[in-house]
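Line by line, the protein sequences are chains A and B.
For the first sequence, the working numbering assigns the number 1478 to the initial residue and increments by one for each residue that follows.
For the second sequence, the working numbering assigns the number 91 to the initial residue and increments by one for each residue that follows.
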Amino acid sequence: MSAATRSLSRPPAWVLIPALLGATVILLPVTGMMTRLSWAELPALLTSPSSLAALRLSLWTAGTSTVLCLVLGVPLALVLAYARFRGVTVLRSLLLLPLVLPPVVGGLALLYTFGSQGMLSGALEFLGIRVAYTSIAVVLAMAFVSMPFLVISVETAVRGVDPEILEAATVDGAHRTAILRYMVLPLVGPGLVSGAVLAFARSLGEFGATLAFAGNRQGVTRTLPLEIYLQRETDPDAAVALSLLLIAVAILVISIAYGRSQRGG
Amino acid sequence: MKRTIALAAAGGLALTACADNDDEGITVFAAASLHEVFEEIGERYTEETGVEVEFTFAGSSGLVEQLENGAPADVLATADEANMDAAAGSGLVSGDPELFAENYLVIVTPAGNPGQVSGLEDLDDEDLQVVICAEQVPCGAATQRISAAAGVQISPVSEETSVTDVLGRVRNGEADAGLVYATDALQAGDEVETFEIDGAQEDPNLYPIALLESADAPGPGQEFVDFVIGDEQARQILEDAGFTEPR
Chain A
1478 MSAATRSLSR
1488 PPAWVLIPAL
1498 LGATVILLPV
1508 TGMMTRLSWA
1518 ELPALLTSPS
1528 SLAALRLSLW
1538 TAGTSTVLCL
1548 VLGVPLALVL
1558 AYARFRGVTV
1568 LRSLLLLPLV
1578 LPPVVGGLAL
1588 LYTFGSQGML
1598 SGALEFLGIR
1608 VAYTSIAVVL
1618 AMAFVSMPFL
1628 VISVETAVRG
1638 VDPEILEAAT
1648 VDGAHRTAIL
1658 RYMVLPLVGP
1668 GLVSGAVLAF
1678 ARSLGEFGAT
1688 LAFAGNRQGV
1698 TRTLPLEIYL
1708 QRETDPDAAV
1718 ALSLLLIAVA
1728 ILVISIAYGR
1738 SQRGG
Chain B
91 MKRTIALAAA
101 GGLALTACAD
111 NDDEGITVFA
121 AASLHEVFEE
131 IGERYTEETG
141 VEVEFTFAGS
151 SGLVEQLENG
161 APADVLATAD
171 EANMDAAAGS
181 GLVSGDPELF
191 AENYLVIVTP
201 AGNPGQVSGL
211 EDLDDEDLQV
221 VICAEQVPCG
231 AATQRISAAA
241 GVQISPVSEE
251 TSVTDVLGRV
261 RNGEADAGLV
271 YATDALQAGD
281 EVETFEIDGA
291 QEDPNLYPIA
301 LLESADAPGP
311 GQEFVDFVIG
321 DEQARQILED
331 AGFTEPR
């Protein structure tokens, strides 16, 4: 982008005022919470066994959920981007449902499907798989709410790829898998990374679906948000400290991932 | 219309709407487990006195937190003494809190009792899906006390943040057994089977009620407190719901 087009597309100066207010809406409450932080007790609050267990669980389940979203969500995004069949619009709206559903509704939906009395209880029992009250349930709840973020992000990126480039490659005899591997995926890289980051961040913050579906047990299903909610009952200082930890982890992940995709793209 | 104004006031949107007007009504903050009984007692109280009552129901600690942050209310009723003590410690309470009810823990199982539970000693079975409250909330603290006293090591699959979540998991069959209050068990009716725990009645949760320092209508507020403690209809409503008289 040249300097000339950048100045042409620059918005009028007055947008700065609502823009600042917009930033305030997000940043002010976070600042307000920081004022409640007791710095002296912070190390002790963050290194308690229950805090560490929650952090460890949150990181690995959110990571697993993100991998699951990538493995299943990227193909889904490709299908949606290239689909020509009727009803694809309806399908897309249905797949984006978790974005608009309150997470607790998602949790109930999962419960009535994968719970021990749920729709699939017979099949799961036959296979000897227990989902309820396990970390599998946590990952499922996270993937349910996070998948749409990745799918939207990747689908938008795929639609942005110039079809003529791909056409040319096809004419030259390139295999479809090769085109996907060596052309489409590198071209949608930034969309893929931002989708994965959003999915991870959403997984990390998942609360309602986990609470309603997975259960609440230290080291197994009690992720950071659940631990914060529980600590709030007796120890608000610990809840604030853990909230800060959650914010720090989220900012770290977002800045690393975006930093890398900026350099890469 | 009156109702709308009082609701807005409870939400902190119109703090001055009902100030300086004694017959406008009172606001009562009460523990979530008191929801049904207090709605009913409130109706009786309004019939007797003509004073409207607006309720806010939430977890006891949440209520105290709201009050500490300036929420307007006349009366507070909590599900344990610890939270009332916290409110008193913050200077929110006017006078001494009085106990008006007791609630004790029982075991509930889904109808049909698939886990074949018959008492507390059965709950140490690892294969059984037992759900209890986390020890940070009042029902969880009571669970710890009672299981420790009985020498039973419960191995729960989940420790919920509220007693209603425990009841929910037992009700829909996601858990084989759970520890809830007698009042919760009664409310679930035929959907659950209830088993008494030896010693639980001797170690109940105590429900205190108190007039608040910040009350807009201290007169009617105190009347409501007295009504809950002493009125025969109020006592009957509490008893019917499974609450017992404080000793």
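Think of the CB as a built atom: it goes at the ideal place given N, C-alpha and C, for glycine as much as any other residue.
Nothing here was measured: the structure is a model prediction, and the numbers come from that model.
Alpha-carbon to alpha-carbon, residue j and residue i
i	j	result
residue 1704/A	residue 1649/A	56 Å
residue 1574/A	residue 237/B	43 Å
residue 1554/A	residue 1668/A	11 Å
residue 1674/A	residue 320/B	60 Å
residue 250/B	residue 1693/A	6 Å
residue 1727/A	residue 290/B	45 Å
residue 109/B	residue 324/B	Unreliable positioning characterises residue 109/B in this predicted model, as indicated by a pLDDT of 42, which lies under 50. The coordinate reading is nonetheless provided below. About 27 Å.
residue 189/B	residue 1595/A	43 Å
residue 276/B	residue 1613/A	34 Å
residue 298/B	residue 1716/A	27 Å
residue 1619/A	residue 1638/A	29 Å
residue 150/B	residue 1542/A	35 Å
residue 1569/A	residue 198/B	43 Å
residue 334/B	residue 194/B	9 Å
residue 1590/A	residue 1549/A	19 Å
residue 1711/A	residue 226/B	6 Å
residue 1490/A	residue 1501/A	18 Å
residue 178/B	residue 119/B	15 Å
residue 201/B	residue 280/B	7 Å
residue 1547/A	residue 1662/A	12 Å
residue 221/B	residue 274/B	14 Å
residue 1571/A	residue 160/B	43 Å
residue 116/B	residue 309/B	10 Å
residue 242/B	residue 1544/A	41 Å
residue 1641/A	residue 1560/A	17 Å
residue 272/B	residue 145/B	23 Å
residue 1605/A	residue 1629/A	35 Å
Proximal chain B residues relative to residue i, where beta-carbon distance stays under 8 Å
i	result
residue 1538/A	Residues of chain B passing the Cβ test: none, with the nearest at roughly 16 Å.
residue 1698/A	248
Within 8 Å, strictly: CB atoms of residue i and residue j
i	j	result
residue 127/B	residue 328/B	yes
residue 1615/A	residue 1677/A	no
residue 143/B	residue 285/B	no
residue 248/B	residue 214/B	no
residue 261/B	residue 282/B	yes
residue 233/B	residue 269/B	yes
residue 1687/A	residue 1584/A	yes
residue 1514/A	residue 1718/A	yes
residue 1707/A	residue 224/B	yes
residue 1750/A	residue 1532/A	What is shown of chain A runs 1478 to 1742, which leaves residue 1750/A out entirely.
residue 1609/A	residue 264/B	yes
residue 287/B	residue 196/B	yes
residue 1734/A	residue 1632/A	no
residue 187/B	residue 300/B	yes
residue 148/B	residue 122/B	yes
residue 210/B	residue 240/B	yes
residue 336/B	residue 191/B	yes
Coil, strand or helix - residue i by DSSP
i	result
residue 1651/A	coil
residue 1506/A	helix
residue 1704/A	helix
residue 196/B	strand
residue 336/B	coil
residue 1714/A	helix
residue 186/B	strand
residue 268/B	strand
residue 1589/A	helix
residue 233/B	helix
residue 295/B	strand
residue 1684/A	coil
Closer than 8 Å at the beta carbon, the chain A residues around residue i
i	result
residue 262/B	1588, 1592 and 1594
Partners in chain B for residue i, counting only beta-carbon separations shorter than 7 Å
i	result
residue 1692/A	247 and 248
residue 1609/A	264
Under 7 Å from the C-beta of residue i: neighbouring residues of chain A
i	result
residue 312/B	Chain A residues near residue 312/B: none, gap ~29 Å exceeds 7 Å.
residue 233/B	Simply none; closest approach about 14 Å.
Within chain A, the residues that residue i reaches when beta carbons sit closer than 9 Å
i	result
residue 227/B	1707, 1710 and 1711
residue 169/B	Within 9 Å Cβ-Cβ: nothing; residue 169/B doesn't reach chain A, min ~12 Å.
residue 243/B	Correct list: empty, because the minimum Cβ distance to chain A is about 15 Å.
residue 254/B	Result: empty, since nearest Cβ-Cβ is about 12 Å, beyond 9 Å.
request  = Could you name the residues of the region 182-211 of chain B whose beta carbon sits closer than 8 Å to any beta carbon of chain A, in the order they occur along the chain?
outcome  = none
message = Along the region 296-325 of chain B, where does the CB come closer than 9 Å to a CB of chain E? Name the residues.
response = Annotation note: the requested chain E is absent from the structure, which comprises protein chains A and B.
inquiry  = Using a Cβ-Cβ cutoff of 7 Å, what residues of the region 1512-1527 of chain A are near chain B? List them in chain order.
reply    = none
message = Can you pull out the residues from the region 129-151 of chain B whose beta carbon lies closer than 8 Å to at least one beta carbon of chain A?
response = 149 and 151
ask   = If contact means a Cβ-Cβ distance below 9 Å, which residues of the region 211-224 of chain B contact chain A?
value = 219, 221 and 224
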